[in-house]
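The structure appears right after this line, and notes come after that.
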Amino acid sequence: MPHVLFGQTEQENLWYNPGFEKLGSHHDDPIFDRWSLRGNYIGKFNFEQSNPHSGNYCLRLFPNERVFLSIFGEDEDDLNLEKFPIKAGEKMTFSYWHRGTLDKLALELTVRVYNDPKDEPILTKKIIGSGVRTQAEWAEKVIPIVINQEDLPKEKRGEKISWIEILLEVPFVFNSPKVIYVDDFSLIRGERMPKVELEAPRSLDHTAYEREIELAWDQVLDAEVSWEVEAAGKTYQTKENRFTVPDLEPATEYTVKVRARKGTHKSSDQAIKVRTAAISKTVDDVTRLPHLRTLSKQGVAKKVIHLFYQDLYKESQTKFSYWINGQKVEPQGHTLTFPRIGEHQELKIEIRESADRVWVLTYDLEVVE
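Residue numbers for the sequence shown follow the working numbering, beginning at 4 and rising by one.
Given below as structure tokens:
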């Protein structure tokens, strides 16, 4: 069963380049794209690649002058900070991860409030309790932000609260050799929602065919859990604890990933490498007969059959035509549905692999539920 933890969900993160993974350039020098320190770009002097919280980079800060950390707006050439729309009384949640050697209070959060983004701020507010004292291990800081009409100076309380800028203050510590690292920022609307932590699929088993891979894994008790299957650049959704990956190439190795899903929450991947079977006969072999591998030799078929073939070359270029009891029918994706159950139902298939390679197959089937 999934268990509930409090943490970041897939609520939209409004903070650009939150993990410092997007690099830009200024005068041909690398910068953290759109990040601002002391109102200017952040260059490679502040890049840190040793022990980031995630990804390849984090930001290194030195408390040798009092400066502010933030991000620029989309038009960063004018060096204006990003402004986020907000209403009076609306709650936003700002968070980031930090570590370091500075045991002095640092990174207090300041909010500048605007009626119009082109005007001067109508309020500059430092959020009480927003500072941190860094330690050796990564820790997360979560800061709720709410701006009420009553927070405005008396002479400004008739003005509308429309936008905010968010800044973190790097303190000045005289002659300090200390350092602060930050990573993985987040700004979301509202409060954090509970995070559902799902377990990766267990006992992932497979059977490989020429153009399909059949998968199966353990069922779970939670009826709200579904699954995602990823292979060959495509992602499929399924409610059942089994799935057949279609449209593959023979004698080819694929990485197949399966993950649990509940709402917007996902588990880690269970991944396997699988090689599809080779076609046993050459394309010119006169004994080669493409056929449905999903029909039993006993002539019994379910009402819905899967259209997966054996000994077929150029499947993507092959044209298929289907008739049930003399009536031409169209498949739905990789399935074909019989109109009724019962014995002695005729399924006729024309397989046109090329102009000179055409087969017509006729099956006499007993169709069951």
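Ideal Cβ positions, reconstructed from N, Cα and C, are used throughout, including at glycine.
Fair warning: this is a prediction, and the values are worked out from it, not measured in the lab.
1. Just reading off the beta strand (DSSP E) that R262 is part of, what are its end residues?
2. Less than 7 Å between the beta carbons of A211 and V277, yes or no?
3. Can the beta-carbon of A304 be found closer than 7 Å to that of L364?
4. Indicate whether N118 and E85 have their beta-carbon atoms separated by less than 7 Å.
5. Use the C-beta contact count for L8: other C-beta atoms within 10 angstroms, 16 or more gives buried, fewer gives exposed.
6. For the beta strand (DSSP E) holding Y19, just list the boundary residues, first then last.
7. With DSSP collapsed to three states, give me the class of D81.
8. Between K128 and the ligand ADP, is there a pair consisting of the residue's CB and a ligand heavy atom that are separated by less than 6 Å?
9. Give me, in chain order, the residues of the same chain whose beta-carbon lies closer than 7 Å to that of G65; leave out the 5 immediate sequence neighbours on both sides.
10. Per DSSP, which one or two residues make a beta bridge with S357?
11. Report the option in V361, E213, F188 whose CA atom is closest to the CA atom of I169.
12. State the CB to CB distance for the pair F97 and I148, rounded to an integer number of angstroms; the pair is presumed to be in contact (CB under 8 Å).
13. Span of the beta strand (DSSP E) holding R192?
14. Could you give the distance in angstroms between the alpha-carbon of P5 and the alpha-carbon of E68?
15. Out of T267, F87, E213, Y99, which one is the CA nearest neighbour of L201?
16. For L155, which residues in the same chain have their Cβ closer than 8 Å to its Cβ, ignoring the five residues on either side in sequence?
17. Kindly provide the ranges of any beta strand (DSSP E) runs that are 3 or more residues long and lie completely inside the segment 301 to 369, ordered along the chain.
18. Here's the rule I'm using: 16 or more other beta-carbon atoms within 10 Å means buried, otherwise exposed. How should T340 be labelled?
19. What three-state label does DSSP hand E158 in the structure shown?
20. Report the CB separation of G22 from S57 in whole angstroms; it is logged as a contact under 8 Å.
21. Cutting at 8 Å between CB atoms, please list the residues of its own chain near D208, excluding the five before and the five after it.
22. Output the distance between the C-alpha atoms of N151 and F75, rounded to the nearest integer angstrom.
23. With a threshold of 16 other CB atoms inside 10 Å of the CB of I131, please say whether the residue is buried or exposed.
24. Over what stretch of residues does the beta strand (DSSP E) that includes T238 continue unbroken?
25. Bridge partners for E231 per DSSP, in chain order?
26. How many Å lie between E194 and M95 at the Cα?
27. Using 10 angstroms around the beta-carbon of R214, count the other beta-carbons present and answer buried if the total reaches 16, otherwise exposed.
Taking the structure as given:
1. One-based indexing of the sequence shown puts residue 262 at position 259. In this chain, the beta strand (DSSP E) harbouring R262 covers 256 to 265.
2. Mapped onto the sequence shown, residue 211 falls at position 208. Mapped onto the sequence shown, residue 277 falls at position 274. A contact, by the Cβ cut-off of 7 Å.
3. Counting from one through the sequence shown, the residue named residue 304 turns up at place 301. Counting from one through the sequence shown, the residue named residue 364 turns up at place 361. 7 Å or more divides the Cβ of A304 from the Cβ of L364.
4. By 1-based counting over the sequence shown, the position of residue 118 is 115. By 1-based counting over the sequence shown, the position of residue 85 is 82. Taking 7 Å as the Cβ cut-off, N118 and E85 do not qualify as a contacting pair.
5. Translated into the one-based positions of the sequence shown, residue 8 becomes position 5. Low confidence applies here, because L8 scores a pLDDT of 35, under 50, leaving its location unreliable; read the following figure in that light. L8 should be labelled exposed.
6. For the purposes of this step, residue 19 is taken as the residue at position 16 of the sequence shown. Unbroken run through Y19: none, as it is neither H nor E.
7. As a working note, residue 81 is residue 78 in the sequence shown. In the structure shown, D81 falls within a helical segment according to DSSP collapsed to helix, strand and coil.
8. As far as ligands go, the structure on display features none, and thus does not contain the ligand ADP.
9. For the purposes of this step, residue 65 is taken as the residue at position 62 of the sequence shown. Residue identity check: residue 65 is Phe in the sequence provided, not Gly. Answer for F65: V182, listed in chain order.
10. In the sequence shown, the residue the question calls residue 357 occupies position 354. S357 has R360 as its beta-bridge partners, per DSSP.
11. The count along the sequence shown starts at 1 and reaches residue 169 at position 166. The shortest C-alpha separation from I169 is found at F188.
12. Numbered from 1 along the sequence shown, position 94 holds the residue referred to as residue 97. Numbered from 1 along the sequence shown, position 145 holds the residue referred to as residue 148. 6 Å between Cβ atoms; contact.
13. Counting from one through the sequence shown, the residue named residue 192 turns up at place 189. Element bounds for R192: 183 to 192.
14. As a first step, residue 5 must be located in the sequence shown, where it is residue number 2. As a first step, residue 68 must be located in the sequence shown, where it is residue number 65. Bear in mind that a pLDDT of 34 at P5, under 50, signals an unreliable position, so the model cannot answer this.
15. Looking up residue 201 in the sequence shown gives position 198. Selected option, being the one with the closest Cα: T267.
16. Here residue 155 corresponds to residue number 152 of the sequence shown, with the count starting at 1. If we look at L155 and ignore the five residues flanking it on each side, its Cβ neighbours are V116, I125, L126, E162, I164.
17. Entirely contained in the segment 301 to 369, the beta strand (DSSP E) runs reaching 3 residues are, in chain order, 303 to 305, 307 to 309, 322 to 327, 330 to 332, 338 to 340, 345 to 357.
18. In the sequence shown, the residue the question calls residue 340 occupies position 337. Exposed, because fewer than 16 other Cβ atoms sit within 10 Å of the Cβ of T340.
19. Indexing the sequence shown from 1 puts residue 158 at position 155. Shown here, E158 sits in a helix according to DSSP, grouped into three states.
20. The sequence position of residue 22 within the sequence shown is 19, counting from 1. The sequence position of residue 57 within the sequence shown is 54, counting from 1. 6 Å between Cβ atoms; contact.
21. Numbered from its first residue, the sequence shown carries residue 208 at position 205. Answer for D208: L218, A219, W220, listed in chain order.
22. Counted from its first residue, the sequence shown places residue 151 at position 148. Counted from its first residue, the sequence shown places residue 75 at position 72. Between N151 and F75, the C-alpha separation is close to 25 Å.
23. Translated into the one-based positions of the sequence shown, residue 131 becomes position 128. Exposed is the call here.
24. Along the sequence shown, one-based indexing puts residue 238 at 235. Counting along the chain, the unbroken beta strand (DSSP E) around T238 starts and ends at 237 to 241.
25. Sequence index remark: in the sequence shown, residue 231 carries index 228 (1-based). Paired residue(s): Q240, R262.
26. Looking up residue 194 in the sequence shown gives position 191. Looking up residue 95 in the sequence shown gives position 92. Going by the C-alpha atoms only, they are around 7 Å apart.
27. By 1-based counting over the sequence shown, the position of residue 214 is 211. Under a 10 Å Cβ-count criterion, R214 is classified as buried, with 16 or more other Cβ atoms of the shown protein chains found around its own Cβ.
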